[in-house]
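Residues in the sequence shown are numbered consecutively from 249, following my numbering.
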Amino acid sequence: MPNPLFDALFARHLGADTPFLVCPGERTWSHDEFLRLAARFANLLTELGLQRGDRLAVQVDKSPEALAVYAACVMSGVVFLPLNTGYTPHEVEYFISNSGARLVLGRPQARAALQPTCTALDARFETLEADGTGSFPDLAAELPESFVPVDRGEDDLAALLYTSGTTGLSKGAMLSHRNLLSNARVLTETWRFTDRDVLIHALPIFHSHGLFVACNVMLLAGGSMVFLPRFELNSVMEALPHATAMMGVPTFYTRLLDEPGFTRELVTGMRLFISGSAPLLAETHRAFEARTGSRILERYGMTETNMNTSNPYDGDRRAGTVGPALPGVEIRVTDPDSGHEVPVGEVGMIEVRGPNVFRGYWRMPEKTAEELRPDGFFITGDLGTLAEDGYVTIVGRGKDLIISGGFNIYPKEVEEVLDAESGVLESAVIGAPHPDFGESVVAVLVPEPGAMLDIATIEAEIGTRLARFKQPRHYVILEELPRNSMGKVQKKLLREQYRGIFET
Ligand code: MCA
Ligand code: AMP
């Protein structure tokens with residue numbers, strides 16, 4: 249019976265003694281060991297009554313076991329819904345309820361906060377710890393290590409990844425087997441991954457970048473990954489001499505460049521450094537080449553579309569651009585008002601079409617219709633140009649979005665929480681350049697007449713509602729917000745005024 253992702257990514261590794269996940273200081277998992285664990289988990293999902301198409305929400309630390317849950321979902325036809333480990337229980341409740349998850353897998357310390365929601369929504373809660381123990385693996389301990397994969401079609405959902413929007417409301421991007429597999433195939437080929445590759449994996453596995461771009465490509469290529477719990481400079485430095493490739497957000501590269509021990513000699517075995525999820529400054533690109541002799545390969549993607557463009561493997565990896573469309577992917581740049589294509593070289597809205605483009609937002613047909621055109625083009629919200637030779641340059645965002653260290657923050661969501669604070673009349677949240685995270689969050693607050701705002705109290709209170717990465721790192725108090733003649737807050741002015749706030 250067909251199951252496109254299982255057939256392409258996993259079936260070929262059954263019984264293979266080849267290394268898959270190298271966990272420094274712990275152990276190396278072979279492909280076969282990994283698949284046997286995934287099969288036990290798949291058996292458990294079935295035993296717990298989850299059926300094809302049911303959602304499994306997962307908020308756990310990165311570990312081989314956590315990745316095996318993804319594999320188990322593919323095998324059993326369950327839709328995998330990974331969640332940022334930084335989200336507060338308050339944020340997670342929305343995802344459980346919106347997705348209608350049947351099972352929630354969390355860290356043990358989350359049980360007290362999430363169990364009432366799970367009970368109310370008829371979802372089961374089980375645990376998985378960073379070291380791979382927990383109630384979920386316990387329940388799977390005695391189950392068979394083989395599993396007949398459930399029949400799935402190309403258009404069936406494999407994953408639901410939530411992404412925020414300018415309205416502050418998170419939307420579940422529905423990703424099909426076709427979406428994920430077509431992209432994994434194209435990337436493996438474009439970036440020349442083979443079973444001889446060893447990828448440094450220091451990204452989280454709750455986003456497309458660390459999960460699909462990295463893991464699906466390596467499963468398809470048959471190589472191994474140095475699987476690190478997070479980006480920790482020393483561990484990455486230790487891994488570099490044993491690896492051939494790394495995928496990262498720009499912060500990875502600026503942190504490496506800040507380390508004097510990061511030298512050309514350390515990376516002689518590395519054939520490829522890939523960057524994405526946020527803009528890589530041209531100066532970082534040049535400094536990296538000067539230090540290592542390697543040109544970082546920058547690519548561009550989104551949760552809804554997987555990867556869209558990539559600088560070439562051979563040929564010109566142009567600093568400040570994200571390269572041409574990947575094979576099979578179409579890019580056009582349009583006038584945001586009319587929707588008509590703009591002339592070559594002119595700035596407009598980047599639109600994308602191809603087998604990589606998602607199937608729409610979970611149970612939000614009106615949101616889907618706003619962003620997915622009837623001809624299949626997805627309106628990315630990114631502004632850019634398309635050169636004569638097909639290279640895309642992103643010049644800004646039409647959407648009000650801050651990207652901090654590769655994590656997206658929609659100002660509206662933060663403003664809503666700040667506006668609810670006592671004494672706050674209104675707020676405006678903006679991004680300012682940050683030396684480590686690329687951009688970071690600044691909150692401009694206007695107090696109610698006569699109110700004295702205590703920032704420490706506000707920080708403590710919003711900490712229970714917003715993940716740490718979304719919380720402002722600088723506060724400004726103003727008597728009023730700058731507005732244009734239509735009454736709209738002029739964020740551009742605020743961004744200009746506070747752009748130096750994080751400079752060292
Ligand atoms: C951690 N913190 C952050 C971030 N990460 N704050 C803002 N932005 C962040 N990205 C918080 C911590 O909670 C901590 O809080 C403080 O900042 C300092 O933490 P630090 O130890 O410096 O951070 P870290 O653990 O080293 O993490 C930084 C990181 C990490 C390595 C850049 O955020 C990361 O791995 N980012 C990758 C994100 C990613 O995979 N994005 C892909 C999205 P406190 O101040 O309380 O101590 S997928 C996507 O965008 C599309 C599909 C694409 O194109 O790829
Ligand atoms: P997400 O919603 O987390 O998938 O983030 C997708 C957004 O990240 C895109 O719409 C872009 O704004 C941004 N992005 C991803 N890759 C790049 C890149 N190489 N350069 C600039 N922005 C990028």
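The beta carbon of each residue, even a glycine, is placed where N, CA and C say it ideally should be.
Per DSSP, the bridge partner or partners of residue i
{"i": "Ser-525", "result": "Bridge partners of Ser-525: none, in fact."}
{"i": "Glu-614", "result": "Partner(s): none; Glu-614 has no beta bridge."}
{"i": "Met-494", "result": "Ile-448 and Phe-521"}
{"i": "Arg-601", "result": "Glu-578"}
{"i": "Leu-428", "result": "DSSP lists no partner for Leu-428."}
{"i": "Gln-307", "result": "Gly-354"}
{"i": "Leu-329", "result": "Ala-305"}
Beta-carbon separation (whole angstroms), residue i vs residue j, contact threshold 8 Å
{"i": "Met-473", "j": "Val-270", "result": "7 Å"}
{"i": "Phe-460", "j": "Asn-554", "result": "6 Å"}
{"i": "Ile-650", "j": "Val-689", "result": "6 Å"}
{"i": "Ala-421", "j": "Phe-606", "result": "5 Å"}
{"i": "Phe-343", "j": "Tyr-410", "result": "6 Å"}
{"i": "Ala-491", "j": "Met-518", "result": "6 Å"}
{"i": "Ile-725", "j": "Leu-701", "result": "6 Å"}
{"i": "Arg-372", "j": "Asp-403", "result": "Not confirmed; about 28 Å, so no contact."}
{"i": "Val-577", "j": "Val-600", "result": "6 Å"}
Which listed residue (the options) has its alpha carbon closest to that of residue i
{"i": "Cys-463", "options": "Ala-704, Phe-268 and Met-700", "result": "Phe-268"}
{"i": "Val-340", "options": "Ala-305, Ser-311 and Asp-370", "result": "Ala-305"}
{"i": "Met-597", "options": "Gly-646, Leu-476, Ala-535 and Asn-346", "result": "Gly-646"}
{"i": "Ile-579", "options": "Tyr-561, Glu-707, Tyr-609 and Gly-632", "result": "Gly-632"}
{"i": "Ala-316", "options": "Val-677, Glu-546, Val-590 and Phe-454", "result": "Phe-454"}
{"i": "Thr-294", "options": "Leu-741, Leu-351, Asp-265 and Tyr-335", "result": "Leu-351"}
{"i": "Arg-275", "options": "Val-396, Glu-313 and Pro-489", "result": "Glu-313"}
{"i": "Ile-678", "options": "Leu-253, Asp-648 and Ala-704", "result": "Asp-648"}
{"i": "Ala-493", "options": "Pro-477, Leu-529, Thr-499 and Ala-450", "result": "Ala-450"}
{"i": "Thr-705", "options": "Pro-659, Pro-681 and Val-672", "result": "Val-672"}
{"i": "Arg-503", "options": "Asn-482, Val-515 and Ser-412", "result": "Asn-482"}
{"i": "Pro-397", "options": "Ala-715, Arg-565 and Asn-251", "result": "Asn-251"}
{"i": "Gly-698", "options": "Glu-727, Glu-664, Asp-684 and Pro-356", "result": "Glu-727"}
{"i": "Leu-729", "options": "Val-692, Leu-262 and Leu-296", "result": "Val-692"}
{"i": "Gly-258", "options": "Arg-534, Leu-283 and Gly-354", "result": "One point to set straight first is that residue 258 is Phe, not Gly, in the sequence displayed. Minimum Cα distance to Phe-258 is reached at Leu-283."}
{"i": "Ala-715", "options": "Gly-629, Thr-336, Gly-273 and Glu-281", "result": "Thr-336"}
{"i": "Ser-347", "options": "Asp-302, His-261, Thr-569 and Arg-355", "result": "Asp-302"}
{"i": "Thr-381", "options": "Ser-345, Ser-558, Tyr-548 and Gly-354", "result": "Gly-354"}
{"i": "Glu-751", "options": "Pro-683, Ala-708 and Lys-739", "result": "Pro-683"}
{"i": "Ala-567", "options": "Asp-506, Ala-535 and Asp-386", "result": "Ala-535"}
The beta strand (DSSP E) enclosing residue i, as first and last residue numbers
{"i": "Val-689", "result": "686 to 695"}
{"i": "Met-245", "result": "Any answer about residue 245 is impossible in this case: the structure gives the chain only from 249 up to 752."}
{"i": "Met-473", "result": "472 to 475"}
{"i": "Ile-344", "result": "Segment 337 to 347 is the alpha helix (DSSP H) holding Ile-344; no beta strand (DSSP E) there."}
{"i": "Thr-633", "result": "626 to 634"}
{"i": "Leu-333", "result": "According to the sequence shown, residue 333 is Thr rather than Leu. Here Thr-333 belongs to no beta strand (DSSP E), and DSSP marks it neither H nor E."}
{"i": "Pro-681", "result": "672 to 682"}
{"i": "Ala-256", "result": "Counting along the chain, Ala-256 falls outside any beta strand (DSSP E), and DSSP gives it neither H nor E."}
{"i": "Arg-759", "result": "The question about residue 759 has no answer here: the residues shown for the chain are numbered 249 through 752."}
{"i": "His-722", "result": "722 to 725"}
{"i": "Arg-284", "result": "Element bounds for Arg-284: not the beta strand (DSSP E) but the alpha helix (DSSP H), 279 to 295."}
{"i": "Pro-267", "result": "267 to 270"}
{"i": "Phe-510", "result": "Here Phe-510 belongs to no beta strand (DSSP E), and DSSP marks it neither H nor E."}
{"i": "Ser-383", "result": "First-last for Ser-383: 383 to 388, but that is the alpha helix (DSSP H), not the beta strand (DSSP E)."}
Own chain partners of residue i with C-beta closer than 8 Å, once the 5 adjacent residues on each side are dropped
{"i": "His-338", "result": "Thr-712 and Arg-713"}
{"i": "Glu-594", "result": "Val-581 and Thr-633"}
{"i": "Asn-656", "result": "Thr-411, Ser-412, Leu-649 and Ile-650"}
{"i": "Val-737", "result": "Ala-676, Leu-729, Pro-730 and Arg-731"}
{"i": "Ser-345", "result": "Thr-365 and Leu-369"}
{"i": "Arg-478", "result": "Lys-310, Ala-450 and Pro-452"}
Residues of its chain near residue i, where Cβ-Cβ distance is below 7 Å and the 5 sequence neighbours each way are ignored
{"i": "His-588", "result": "Thr-582"}
{"i": "Ala-256", "result": "Leu-429 and Leu-468"}
{"i": "Leu-620", "result": "Gly-608 and Phe-626"}
{"i": "Gly-471", "result": "Phe-441, Thr-442, Asp-443, Arg-444, Asp-445, Val-446 and Leu-447"}
{"i": "Phe-254", "result": "Val-322, Met-323 and Pro-397"}
Boundaries of the alpha helix (DSSP H) in which residue i is found, first to last residue
{"i": "Gln-745", "result": "739 to 745"}
{"i": "Phe-536", "result": "530 to 540"}
{"i": "Pro-364", "result": "359 to 368"}
{"i": "Ala-407", "result": "That residue, Ala-407, is in no alpha helix (DSSP H); its beta strand (DSSP E) goes 405 to 411."}
{"i": "Ser-483", "result": "481 to 487"}
{"i": "Met-734", "result": "Note, Met-734: premise wrong, no alpha helix (DSSP H); not H, not E."}
{"i": "Thr-705", "result": "703 to 710"}
6 Å Cβ shell around residue i - same chain, five flanking residues per side excluded
{"i": "Asn-291", "result": "Leu-391, Pro-392 and Phe-395"}
{"i": "Ala-526", "result": "Val-497, Pro-498, Ile-651, Gly-654 and Gly-686"}
{"i": "Pro-575", "result": "Val-434"}
{"i": "Met-249", "result": "Asp-399"}
{"i": "Leu-528", "result": "Pro-498 and Glu-546"}
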